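S.K.: This is the structure I want to talk about, given as structure tokens.
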Amino acid sequence: MTWGKRRAIVIILVLIFLIGVMFWSASKPGLSIASNSVLVMDASGQIEEQRAPDFFSTFNGTVPVLHDYIDALDQARTDPRITGLVVRIAPLQTGWGKLEEIRAHLLKFRSSGKPTICYLGYDGIQNPEYYLASACKEIWLVPTAPVSIRGMMAQAIFFRGTLDKLKIVPEYYHIAEFKTASNTFTEKKFTPEHKEEVEGLLRSVYEQYLRDTSKARDMTRDQFESILNRAPLSTNEAVQAKIVDRVGYWDQVQDYFKGRKGGWNPISLNQYRSIPSAPNFALDKIAIIHATGLIVSGDSSTTAAGGFIMGGDSVASDLRKARQDSSIKAIVLRVDSGGGSVVA
């Protein structure tokens with residue numbers, strides 16, 4: 124038997140095995156939701172906009188993406204089997220836009236009247252973590268963790284001084300004063316326009332943070348900012364300042380629900396989203412098209428580290444297919460990108 128035939132047999136056997144695993148996973152009986160269940164969601168790290176479009180991502184479906192959080196919150200809000208919500212918040216590396224979107228759906232869930240607890244039980248409680256937590260009716264804090272909320276800052280690195288010492292002259296072209304990407308190499312400090320640009324964005328984020336969080340905690344904007352100005356806060360100071368409601372460990376959160384009618388019947392986000400919902404037989408559809416990652420010419424792909432690359436041809440093709448499909452009545456284009464090729 125030749126080497127080529129042996130390789131072909133190995134590839135076929137591997138494919139048969141993977142297909143078998145997929146069918147076995149699909150054939151497993153679904154979970155049932157007990158009445159008086161409490162939905163437990165973990166929010167930590169980077170929350171991605173979408174899953175990687177590759178074959179092996181099928182077997183890594185345990186990591187929820189943005190729409191998993193949002194869909195679960197919307198469904199649980201009106202699900203009579205779900206009687207409460209706990210969000211365990213760990214350090215986040217997620218942008219403010221995604222946090223704002225999850226937070227908005229948390230506020231909708233809170234309006235249902237079901238108990239909502241955001242549990243800050245980890246190190247690294249700063250502005251992003253607290254911003255998300257403020258959407259819950261109650262904020263619980265582990266007794267050993269300070270709350271390091273504070274004012275905001277922005278910074279930039281400029282290499283021009285180092286390049287001058289190395290006798291290197293950077294040559295870049297840019298359009299007008301506010302195109303500042305090349306300033307890292309051509310400048311030694313902020314230009315007035317670059318500073319105006321950064322300060323404008325920073326002020327916008329900061330003011331929204333103050334406005335949204337103070338409203339959720341029944342404070343004025345100035346009251347909440349005065350708390351920021353004397354942070355970080357110990358657990359006792361956080362309770363006295365009314366930015367958290369209770370201090371407790373995870374077992375005490377469980378005891379809280381055990382003391383309520385219905386008790387403690389937790390269901391995780393992964394379990395809840397794995398339960399099939401009712402089929403949608405609507406003839407009219409809305410297409411959701413993702414535009415994620417660095418923008419390049421050609422087709423979309425992923426990086427070696429699992430990041431996204433947005434190909435102009437691929438996104439245009441998706442839009443074209445949706446436009447030509449008569450059953451699709453609207454298109455939502457979700458952009459999660461820092462930019463890239465203008466040609467693409």
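According to this note's numbering, numbering within the sequence shown proceeds without interruption in unit steps and concludes at 467.
C-beta atoms are modelled at their ideal positions from N, C-alpha and C, and glycine is treated no differently.
Computed from a predicted structure; not experimentally measured.
#1: In its own chain, which residues sit with a C-beta less than 6 Å from the C-beta of Q64, not counting the 5 before and 5 after it?
#2: Can you list, in chain order, the residues of its chain with a C-beta nearer than 8 Å to that of M275? Leave out the 5 residues immediately preceding and following it.
#3: Give me, in chain order, the residues of the same chain whose beta-carbon lies closer than 7 Å to that of S357; leave out the 5 immediate sequence neighbours on both sides.
#4: With 16 other CB atoms within 10 Å as the buried threshold, where does P187 fall?
#5: When the Cα of S437 is compared with those of Q346, V458, S423, V376, which residue comes out closest?
#6: I need the DSSP call for P251, collapsed to helix, strand or coil.
#7: Check whether the Cβ atoms of Y242 and V210 lie closer than 8 Å to each other.
#8: Cβ of I240 within 8 Å of Cβ of E261?
#9: May I ask which residues mark the beginning and end of the alpha helix (DSSP H) holding W373?
#10: Rounded to whole angstroms, what is the Cα-Cα separation between W469 and R383?
#11: Given E320, which residues of its chain have a CB within under 8 Å of its CB, disregarding the five upstream and five downstream residues?
#12: With a cut-off of 8 Å, do at least 3 Cβ pairs link the region 156–171 to the region 389–396?
#13: Exposed or buried, which one is V367 when buried takes at least 16 other CB atoms within 10 Å?
#14: Checking the sheet assignment: what are the DSSP bridge partners for P389?
#15: Rounded to the nearest angstrom, what separates S337 and F347 at their Cα positions?
#16: F281: which of T307, V292, K444 sits nearest, CA to CA?
#17: Between which two residues does the alpha helix (DSSP H) carrying L215 extend?
#18: Is it buried or exposed for S148, if we count other Cβ within 10 angstroms and need 16 for buried?
#19: Drop a sphere of 10 angstroms on the beta-carbon of G416, count the other beta-carbons inside from all chains shown, and report buried for 16 or more, exposed for fewer.
#20: Roughly how many angstroms lie between the CA atoms of A427 and G421, to the nearest whole one?
#21: State the Cα-Cα distance for the pair V466 and I418, rounded to the nearest angstrom.
#22: From D459 to Y295, what distance separates their C-alpha atoms?
#23: Do the region 167–176 and the region 193–207 meet, that is, are 3 or more Cβ pairs less than 8 Å apart?
#24: In terms of alpha-carbon separation, which member of V455, R226, V265 lies closest to Y372?
#25: Nearest by alpha-carbon distance to P399: which of R174, I135, I139, A195 is it?
#26: Going by alpha carbons, who is nearest to L189 out of V370, Q216, I225?
#27: Look up S167 in the DSSP assignment and say whether it is helix, strand or coil.
#28: By Cβ distance below 8 Å, which residues in the same chain neighbour V455 in space, the five residues on each side in sequence not counted?
M.R.: On the basis of the coordinates in this document:
#1: Here the chain comprises residues numbered 124 to 467, so residue 64 is not present and cannot be evaluated.
#2: If you number the sequence shown from 1, residue 275 lands on position 152. For M275, where only same-chain residues beyond five positions count, the Cβ hits under 8 Å are N250, L325, V328, Y329, Y332.
#3: Here the question's residue 357 lines up with position 234 in the sequence shown. Take S357, set aside five residues on each side of it, and the residues of its chain with a beta-carbon closer than 7 Å to its own are P269, in chain order.
#4: Here residue 187 is taken as the residue at index 64 of the sequence shown, counted from 1. Flag for P187 reads buried.
#5: Walking along the sequence shown from the start, residue 437 turns up at place 314. Looking at the Cα atoms, S423 is the closest of the given residues.
#6: Residue 251 sits at position 128 when you count from the first residue of the sequence shown. In the structure shown, P251 sits in a helix (DSSP, three-state: H, G or I).
#7: Indexing the sequence shown from 1 puts residue 242 at position 119. Indexing the sequence shown from 1 puts residue 210 at position 87. Judged by beta-carbon spacing, V210 lies within the 8 Å limit of Y242, meaning their Cβ atoms are closer than that value.
#8: For the purposes of this step, residue 240 is identified with residue 117 of the sequence shown, where counting begins at 1. For the purposes of this step, residue 261 is identified with residue 138 of the sequence shown, where counting begins at 1. I240 is a Cβ neighbour of E261, given a cutoff of 8 Å.
#9: Position 250 of the sequence shown, counting from 1, holds the residue named residue 373. From DSSP, the alpha helix (DSSP H) with W373 extends over 373–381.
#10: For the chain, the structure presents residues 124 to 467; residue 469 sits outside this window and is missing.
#11: Locating residue 320 in the sequence shown gives position 197, where the first residue counts as 1. Cβ neighbours of E320 within its own chain (closer than 8 Å, five residues either side excluded): F301, T303.
#12: Contact holds: three or more Cβ-Cβ distances are below 8 Å.
#13: As a position in the sequence shown, residue 367 is number 244, starting the count at 1. Burial of V367 is indicated by the presence of at least 16 other C-beta atoms within 10 angstroms of its C-beta.
#14: Here residue 389 refers to the residue found at position 266 of the sequence shown. The partner list for P389 (beta bridge, DSSP) reads V161.
#15: Counting from 1 along the sequence shown, the entry for residue 337 is found at position 214. Counting from 1 along the sequence shown, the entry for residue 347 is found at position 224. Their backbone Cα atoms lie some 6 Å apart in a straight line.
#16: For the purposes of this step, residue 281 is taken as residue 158 along the sequence shown, with counting starting at 1. Checking every option, the nearest Cα to that of F281 belongs to T307.
#17: The residue you call residue 215 lines up with position 92 of the sequence shown. That residue, L215, is in no alpha helix (DSSP H); its beta strand (DSSP E) goes 205–215.
#18: Translated into positions along the sequence shown, residue 148 becomes position 25. For S148, the predicted model reports a pLDDT of 44, less than 50, meaning its position is unreliable and no value from the coordinates is stated.
#19: By one-based count along the sequence shown, residue 416 stands at place 293. So G416 ends up on the buried side.
#20: Your numbering for residue 427 matches position 304 in the sequence shown. Your numbering for residue 421 matches position 298 in the sequence shown. Looking at the backbone, the Cα of A427 and that of G421 are separated by about 18 Å.
#21: Mapped onto the sequence shown, residue 466 falls at position 343. Mapped onto the sequence shown, residue 418 falls at position 295. Near 9 Å, if we compare the C-alpha coordinates of I418 and V466.
#22: For the purposes of this step, residue 459 is taken as residue 336 along the sequence shown, with counting starting at 1. For the purposes of this step, residue 295 is taken as residue 172 along the sequence shown, with counting starting at 1. Roughly 26 Å between the two C-alpha positions.
#23: At 8 Å Cβ cutoff, the stretches do not touch.
#24: Position 249 of the sequence shown, counted from the first residue, corresponds to residue 372. Cα-wise, what sits closest to Y372 is V265.
#25: For the purposes of this step, residue 399 is identified with residue 276 of the sequence shown, where counting begins at 1. When the alpha-carbon of P399 is set against those of R174, I135, I139, A195, the nearest one is in A195.
#26: In the sequence shown, the residue the question calls residue 189 occupies position 66. Selected option, being the one with the closest Cα: I225.
#27: In the sequence shown, the residue the question calls residue 167 occupies position 44. S167 falls in the strand class under three-state DSSP.
#28: Counted from its first residue, the sequence shown places residue 455 at position 332. Spatial neighbours of V455 in its own chain (CB-CB distance under 8 Å, excluding positions within 5 residues in sequence) are listed in chain order as I409, A410, I411, I412.
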